[in-house]
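From first to last, the protein sequence lines are chains B and L. Going by our numbering, the letters in the first sequence line up with residues 104 to 492, in that order. Going by our numbering, the letters in the second sequence line up with residues 104 to 492, in that order.
2 protein chains.
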Amino acid sequence: MTLPDLSMDAARAALRGIEGVAVDTEQDTYARVVWNVIAEPGDGAAGALISAIGPVEALRLAATPSDDDWSAARERWAPRLRPDAVRGALDGARRSRARLVVPGDPAWPSRVDDLGVHAPVALWVRGRTEGQDAPSVAIVGARAATPYGEGVTADLSAELGGSGVSIVSGAAYGIDGAAHRAALSAGARTVAFLAGGVDRAYPRGHEGLLERIADTGAVWSETPCGSSPTKWRFLSRNRLIAAMADAVVVVEAGWRSGSLNTAAHAATLGRALGAVPGPITSAASAGCHRILREYGGVCVTSAEDVREMIGCSPEPEPQACAASIGGEGRTDDTTRLFDALSTRVARGVDDIARRSGLSAAQVQTHLGLAHLEGRAVREEDGAWRAVRG
Amino acid sequence: MTLPDLSMDAARAALRGIEGVAVDTEQDTYARVVWNVIAEPGDGAAGALISAIGPVEALRLAATPSDDDWSAARERWAPRLRPDAVRGALDGARRSRARLVVPGDPAWPSRVDDLGVHAPVALWVRGRTEGQDAPSVAIVGARAATPYGEGVTADLSAELGGSGVSIVSGAAYGIDGAAHRAALSAGARTVAFLAGGVDRAYPRGHEGLLERIADTGAVWSETPCGSSPTKWRFLSRNRLIAAMADAVVVVEAGWRSGSLNTAAHAATLGRALGAVPGPITSAASAGCHRILREYGGVCVTSAEDVREMIGCSPEPEPQACAASIGGEGRTDDTTRLFDALSTRVARGVDDIARRSGLSAAQVQTHLGLAHLEGRAVREEDGAWRAVRG
Numbered sequence: 104m105t106l107p108d109l110s111m112d113a114a115r116a117a118l119r120g121i122e123g124v125a126v127d128t129e130q131d132t133y134a135r136v137v138w139n140v141i142a143e144p145g146d147g148a149a150g151a152l153i154s155a156i157g158p159v160e161a162l163r164l165a166a167t168p169s170d171d172d173w174s175a176a177r178e179r180w181a182p183r184l185r186p187d188a189v190r191g192a193l194d195g196a197r198r199s200r201a202r203l204v205v206p207g208d209p210a211w212p213s214r215v216d217d218l219g220v221h222a223p224v225a226l227w228v229r230g231r232t233e234g235q236d237a238p239s240v241a242i243v244g245a246r247a248a249t250p251y252g253e254g255v256t257a258d259l260s261a262e263l264g265g266s267g268v269s270i271v272s273g274a275a276y277g278i279d280g281a282a283h284r285a286a287l288s289a290g291a292r293t294v295a296f297l298a299g300g301v302d303r304a305y306p307r308g309h310e311g312l313l314e315r316i317a318d319t320g321a322v323w324s325e326t327p328c329g330s331s332p333t334k335w336r337f338l339s340r341n342r343l344i345a346a347m348a349d350a351v352v353v354v355e356a357g358w359r360s361g362s363l364n365t366a367a368h369a370a371t372l373g374r375a376l377g378a379v380p381g382p383i384t385s386a387a388s389a390g391c392h393r394i395l396r397e398y399g400g401v402c403v404t405s406a407e408d409v410r411e412m413i414g415c416s417p418e419p420e421p422q423a424c425a426a427s428i429g430g431e432g433r434t435d436d437t438t439r440l441f442d443a444l445s446t447r448v449a450r451g452v453d454d455i456a457r458r459s460g461l462s463a464a465q466v467q468t469h470l471g472l473a474h475l476e477g478r479a480v481r482e483e484d485g486a487w488r489a490v491r492g
Numbered sequence: 104m105t106l107p108d109l110s111m112d113a114a115r116a117a118l119r120g121i122e123g124v125a126v127d128t129e130q131d132t133y134a135r136v137v138w139n140v141i142a143e144p145g146d147g148a149a150g151a152l153i154s155a156i157g158p159v160e161a162l163r164l165a166a167t168p169s170d171d172d173w174s175a176a177r178e179r180w181a182p183r184l185r186p187d188a189v190r191g192a193l194d195g196a197r198r199s200r201a202r203l204v205v206p207g208d209p210a211w212p213s214r215v216d217d218l219g220v221h222a223p224v225a226l227w228v229r230g231r232t233e234g235q236d237a238p239s240v241a242i243v244g245a246r247a248a249t250p251y252g253e254g255v256t257a258d259l260s261a262e263l264g265g266s267g268v269s270i271v272s273g274a275a276y277g278i279d280g281a282a283h284r285a286a287l288s289a290g291a292r293t294v295a296f297l298a299g300g301v302d303r304a305y306p307r308g309h310e311g312l313l314e315r316i317a318d319t320g321a322v323w324s325e326t327p328c329g330s331s332p333t334k335w336r337f338l339s340r341n342r343l344i345a346a347m348a349d350a351v352v353v354v355e356a357g358w359r360s361g362s363l364n365t366a367a368h369a370a371t372l373g374r375a376l377g378a379v380p381g382p383i384t385s386a387a388s389a390g391c392h393r394i395l396r397e398y399g400g401v402c403v404t405s406a407e408d409v410r411e412m413i414g415c416s417p418e419p420e421p422q423a424c425a426a427s428i429g430g431e432g433r434t435d436d437t438t439r440l441f442d443a444l445s446t447r448v449a450r451g452v453d454d455i456a457r458r459s460g461l462s463a464a465q466v467q468t469h470l471g472l473a474h475l476e477g478r479a480v481r482e483e484d485g486a487w488r489a490v491r492g
């Protein structure tokens, strides 16, 4: 266990060639890189310590054996406190030209601060960081997606992307990949969060897709370059996908899918949460139905539904079924009138009143209106017929 | 406009041969039959007047021209106040052996009293009225159902029916018919509510089905025998389906389906409301998704979900995803441990600590537990391997 030299000069030297490092904050930035190597994503003790005394002092406290509140965490960090591990991570970043982003940097995505002590201590990114203030929707789901799920994903992503919404996802096979690809095809900004380092394409088969995402959007990770995507890091990564979006939409997910974890993070963070339903006979939709039932998710059936969730709906939702719910207005009398009219046989007002359960005066009034609308005609003998159509 | 003779003798004579009439209440019962003929279903003025002064006095007031609060309603009732119409309805009931059920009768389904002034003034029934206290679920939906919808309906209805739940529906083609048929096949009680008189099979093609329902369950209507099923009466009938059930489940419904009207009544009455999701590409599920989005309906994917809605679940719902949501318990450490273990290469405790981000002491503890569970083995040199599986 060795604490690296944290002097300004040493920090500056260590960070040389790393993109995105601001002048005169190298000490803090370097300390964050060390923290990035020694603490696993979402380590709340590290987050609390750093926010209390800053990353440099926090590191000194972490490296000093002592019988205090941090001794348990210290035992966890100590095995990784090795200068060669830090050097390795920085070498990987230089090789892959990953940019380092720390809090205070204009490129820092402020949405992740909602994670509190579980926010990342530093982020690595390949691609472009501008445009982060645009509305942003995470579209995620099962790797084992069906053609239905991939088709729905492509439609949602392309339509939302086309209307200026950034599409966030996790670059996995299945739903994630379909979301990124459709956004790219629509010329929209799309952003991927990886569980391992940004220098490692994961999954391998999405290497080309990740390159294309980085060309116009961004590929992010909170784990240092060289890190492998472990199960724990996938789960931690999901909290960043939820945090980075204004809404999370799960398109397909099995009963125990990792997407439920992303959904749970969205709910915890107060992000809008939706799920696309599917046949109840499809195992690939079981997790989505669970989100609707157990997580209070919104039932998403169109891009318009999603825009409404994030407050980007172009027009207010009409009060669709007021008439059929409320029950006693003009619509109901009209229904009764037409129940009592025939298109074939003309009927007198008294007959219509008896058949409809309306008074003769009401029948006269509504017949007059229906006549004006061309929906009823009066025969020569004064009897009325409905007009077909 | 003629008020029929409402004396006890005249009432007794008029009701002769009608099944279900209790001795010594014939006057009130007869007055209700007259109301049943002159007021359309759900007429709130009729309901209010009857509950205020009883059906006989209410009828006298309705037949006496006067410039009071009831004059508008009176004009509505007057065209139908004809003794021959009342006689016709009673003749129809005698011919079809329909039973008359009025409030106070043991066979009166007390759930409909939740409708207040919109409760029926009288009901007609063919079949058996016992067993009404059993849990009851309405399964309704589109006439233009898909094979998916009919299949799901049959499964839900048979499984719920098989566990002692009565299945209520509207005897229409499509979902309604599938619900009744599956309940009958499962030997369960099923109940149909018609929009027209119980002496008229509607739809015609369900005449045999309605006979079978009446054999073991019941076919109800609030409209007099001989009444045709008008659009208004379908809408009014829907409130009875909702009222008669502890929960309403819509399996398939188009965007403007009448089932949304039943769902709205369920919501108004405080009945549990659920909808079965389907592909968002299926127009036959659009109304169901609307119920999930706009009406706060529960997402129903199984009979078990429905039993839970009506409080008949055999076992409490487990707290399914606590671990993946909560995030910091033993499960997470175990995840990290196994992320750091290999099934092929044995690793020392320090190496595992570094890889997992756990302290050496934590690694020892969790390796011990994993060893006991047979999930990790210790090689002779003290290094550890995960067991495949």
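Glycine included, each C-beta is placed from N, C-alpha and C at the ideal position.
Worksheet item: Quick one: what's threonine 167 (chain B) bridged to in DSSP?
Response: Walking along the first sequence from the start, residue 167 (chain B) turns up at place 64. Answer by DSSP bridge pairing: none, since threonine 167 (chain B) is not bridged.
Worksheet entry | Buried or exposed by the 16-neighbour rule on C-beta atoms within 10 Å, applied to leucine 475 (chain L) | Locating residue 475 (chain L) in the second sequence gives position 372, counting from the first residue. Its Cβ having fewer than 16 others within 10 Å, leucine 475 (chain L) is exposed.
Worksheet item: In three-state terms, what does DSSP make of valine 189 (chain B)?
Response: Along the first sequence, read from residue 1 onward, the residue named residue 189 (chain B) stands at position 86. DSSP places valine 189 (chain B) in helix when its eight states are reduced to three.
Worksheet entry | Closer than 8 angstroms to chain L by CB, aspartate 171 (chain B) | In the first sequence, residue 171 (chain B) corresponds to position 68, counting from 1. Aspartate 171 (chain B) is outside the set of residues whose beta carbon lies under 8 angstroms from a beta carbon in chain L.
Worksheet item: Is it true that the CB of proline 238 (chain B) sits closer than 8 angstroms to the CB of valine 268 (chain B)?
Response: Your numbering for residue 268 (chain B) matches position 165 in the first sequence. Your numbering for residue 238 (chain B) matches position 135 in the first sequence. Contact: yes.
Worksheet item: How many Å lie between glutamate 349 (chain L) and valine 322 (chain B) at the Cα?
Response: Stepping through the second sequence from its first residue, residue 349 (chain L) is reached at position 246. Stepping through the first sequence from its first residue, residue 322 (chain B) is reached at position 219. The residue you asked about is not glutamate; residue 349 (chain L) is aspartate in the sequence shown. So the alpha carbons of these two residues sit roughly 51 angstroms apart.
Discussion item. Short of 8 angstroms in beta carbon distance, which residues of its chain neighbour arginine 163 (chain B), apart from the five on each side in sequence? Order them along the chain.
Written reply: For this step, residue 163 (chain B) is matched to residue 60 along the first sequence. Contacts found: Leu106, Leu109.
Worksheet item: Taking the alpha-carbon positions, what's the arginine 491 (chain B) to arginine 447 (chain B) distance?
Response: As a working note, residue 491 (chain B) is residue 388 in the first sequence. As a working note, residue 447 (chain B) is residue 344 in the first sequence. Roughly 9 angstroms between the two C-alpha positions.
Worksheet item: Along chain B, which residues have their Cβ under 7 angstroms away from the Cβ of alanine 456 (chain L)?
Response: The residue you call residue 456 (chain L) lines up with position 353 of the second sequence. The answer, in chain order, is Pro182.
Practice prompt. Return the residue from the list L:Ala389, L:Ala275, L:Ala113, L:Thr365 that minimises the CA-CA distance to arginine 374 (chain L).
Written response: Position 271 of the second sequence, counted from the start, is the residue given in the question as residue 374 (chain L). Nearest of L:Ala389, L:Ala275, L:Ala113, L:Thr365 to arginine 374 (chain L), Cα basis: L:Thr365.
Worksheet item: With 8 angstroms set as the bound, which would you pick, yes or no: does the beta-carbon of serine 462 (chain B) sit closer than that to a beta-carbon of chain L?
Response: Taking the first residue of the first sequence as 1, we reach residue 462 (chain B) at position 359. Yes, because at least one Cβ of chain L sits closer than 8 angstroms to the Cβ of serine 462 (chain B).
Worksheet item: What do you get for glycine 329 (chain L), buried or exposed, if any count of 16 or more other CB atoms within 10 angstroms of its CB means buried?
Response: For this step, residue 329 (chain L) is matched to residue 226 along the second sequence. Under this definition glycine 329 (chain L) is a buried residue.
Practice prompt. Scan the stretch 234-267 of chain B and note each continuous alpha helix (DSSP H) run of 4 residues or more that stays entirely inside, going in chain order.
Written response: 250-265
Discussion item. Alpha carbons only, please: which of B:Thr384, B:Ala274, B:Val351 is nearest the one belonging to aspartate 408 (chain B)?
Written reply: Against the first sequence, residue 408 (chain B) aligns to sequence position 305. The option with the nearest alpha carbon to aspartate 408 (chain B) is B:Val351.
Item to complete: Mind checking who serine 272 (chain B) pairs with in its DSSP beta bridge?
Response: Along the first sequence, read from residue 1 onward, the residue named residue 272 (chain B) stands at position 169. B:Ala295.
Practice prompt. Note down the Cα distance separating asparagine 139 (chain B) from threonine 326 (chain B), rounded to an integer number of angstroms.
Written response: Taking the first sequence and counting its residues from 1, the one referred to as residue 139 (chain B) is at position 36. Taking the first sequence and counting its residues from 1, the one referred to as residue 326 (chain B) is at position 223. Annotation: asparagine 139 (chain B) to threonine 326 (chain B) spans about 7 angstroms, alpha carbon to alpha carbon.
Worksheet item: Can you tell me the Cα-Cα spacing of lysine 334 (chain B) and proline 168 (chain B), whole angstroms?
Response: Numbered from 1 along the first sequence, position 231 holds the residue referred to as residue 334 (chain B). Numbered from 1 along the first sequence, position 65 holds the residue referred to as residue 168 (chain B). For lysine 334 (chain B) and proline 168 (chain B), the distance between alpha carbons rounds to 30 angstroms.
Worksheet entry | Residue nearest to isoleucine 153 (chain B) in terms of C-alpha spacing, selected from B:Asp170, B:Ala386, B:Val294, B:Ala134 | For the purposes of this step, residue 153 (chain B) is taken as the residue at position 50 of the first sequence. When each option's Cα is compared against that of isoleucine 153 (chain B), the closest is B:Ala134.
Discussion item. Quick check on DSSP: helix, strand or coil for glycine 277 (chain L)?
Written reply: Locating residue 277 (chain L) in the second sequence gives position 174, counting from the first residue. Coil, per DSSP.
Worksheet entry | Alpha carbon of arginine 303 (chain L) to alpha carbon of methionine 412 (chain L), nearest angstrom | Within the second sequence, the letter at position 200 stands for residue 303 (chain L). Within the second sequence, the letter at position 309 stands for residue 412 (chain L). Arginine 303 (chain L) and methionine 412 (chain L): Cα-Cα distance of roughly 34 angstroms.
Worksheet entry | Proximity test, Cβ basis, 8 angstroms: tryptophan 335 (chain L) and chain B | Translated into the one-based positions of the second sequence, residue 335 (chain L) becomes position 232. Yes, contact with chain B.
Practice prompt. Using only alpha-carbon positions, find the residue among L:Arg336, L:Ser362, L:Gly357 that is nearest to alanine 345 (chain L).
Written response: In the second sequence, counting from the first residue as 1, residue 345 (chain L) sits at position 242. With respect to the C-alpha of alanine 345 (chain L), the residue from L:Arg336, L:Ser362, L:Gly357 having the closest C-alpha is L:Ser362.
Worksheet item: What does DSSP give as the partner residues of cysteine 402 (chain B) in its beta bridges?
Response: Along the first sequence, read from residue 1 onward, the residue named residue 402 (chain B) stands at position 299. B:Ala378, per the DSSP bridge assignment.
Discussion item. I want to see whether chain B comes within less than 8 angstroms of glutamate 178 (chain L), judged by CB atoms only; does it?
Written reply: On the second sequence, position 75 is the one that residue 178 (chain L) refers to. Cβ-Cβ to chain B under 8 angstroms: yes for glutamate 178 (chain L).
Practice prompt. Could you tell me which chain L residues have their CB closer than 8 angstroms to the CB of arginine 396 (chain B), listed as they occur along the chain?
Written response: Against the first sequence, residue 396 (chain B) aligns to sequence position 293. Those within 8 angstroms of arginine 396 (chain B) in chain L are Val401, Cys402, Thr404, Asp408.
Worksheet item: Applying a beta-carbon distance threshold of less than 9 angstroms, which residues of chain B neighbour glycine 381 (chain L)?
Response: Translated into the one-based positions of the second sequence, residue 381 (chain L) becomes position 278. Within chain B, the residues near glycine 381 (chain L) are Pro380, Gly381, Pro382, Ile383.
Practice prompt. Specify, as a first and last residue, the run of the alpha helix (DSSP H) that glycine 361 (chain L) falls within.
Written response: Here residue 361 (chain L) refers to the residue found at position 258 when the second sequence is read from its first residue. Run containing glycine 361 (chain L): 361-372, per the alpha helix (DSSP H) assignment.
Discussion item. Check whether chain L comes within 8 angstroms of glutamine 467 (chain B), counting only Cβ atoms and requiring the distance to be less than that.
Written reply: Within the first sequence, the letter at position 364 stands for residue 467 (chain B). By this cut-off, glutamine 467 (chain B) is not an interface position.
Worksheet entry | Residue environment, glutamate 420 (chain L), which counts as buried when at least 16 other CB atoms sit within 10 Å | Here residue 420 (chain L) refers to the residue found at position 317 of the second sequence. Any reading at glutamate 420 (chain L) must be qualified, since the residue scores a pLDDT of 45, below 50, and its modelled position is unreliable; no value is offered.
Worksheet item: Smallest Cα separation from arginine 179 (chain B): which of L:Gly273, L:Arg439, L:Asp484?
Response: If you number the first sequence from 1, residue 179 (chain B) lands on position 76. Here the closest residue by C-alpha is L:Arg439.
Discussion item. For alanine 479 (chain B) and alanine 473 (chain B), which I take to be in contact (beta-carbon distance under 8 angstroms), what is that distance rounded to the nearest angstrom?
Written reply: Within the first sequence, numbered from 1, the residue matching residue 479 (chain B) stands at position 376. Within the first sequence, numbered from 1, the residue matching residue 473 (chain B) stands at position 370. Right, the Cβ-Cβ distance comes to about 4 angstroms (below 8 angstroms), so this counts as a contact.
Worksheet entry | Collapsed DSSP secondary structure at glutamate 482 (chain B) in the structure displayed | Sequence index remark: in the first sequence, residue 482 (chain B) carries index 379 (1-based). Coil at glutamate 482 (chain B), not helix or strand.
Item to complete: Taking arginine 197 (chain L) as the reference, give the member of L:Val228, L:Pro144, L:Glu160, L:Glu122 with the closest Cα.
Response: In the second sequence, residue 197 (chain L) corresponds to position 94, counting from 1. Nearest in C-alpha terms to arginine 197 (chain L), of all of L:Val228, L:Pro144, L:Glu160, L:Glu122, is L:Glu122.
Practice prompt. Could you tell me which residues DSSP puts in a beta bridge with alanine 489 (chain B)?
Written response: In the first sequence, the residue the question calls residue 489 (chain B) occupies position 386. For alanine 489 (chain B), which the question treats as bridged, DSSP gives the partners B:Ala479.
Item to complete: Within its chain, find whatever has a CB closer than 6 angstroms to the CB of aspartate 217 (chain B); leave out the 5 residues flanking it on each side and keep chain order.
Response: Mapped onto the first sequence, residue 217 (chain B) falls at position 114. Here the set comprises Ala346, Leu372.
Discussion item. Give me the chain L residues within the contact set of threonine 438 (chain B), using Cβ-Cβ distance strictly less than 9 angstroms, ordered along the chain.
Written reply: Your numbering for residue 438 (chain B) matches position 335 in the first sequence. The answer, in chain order, is Thr333, Lys334, Trp335, Leu338.
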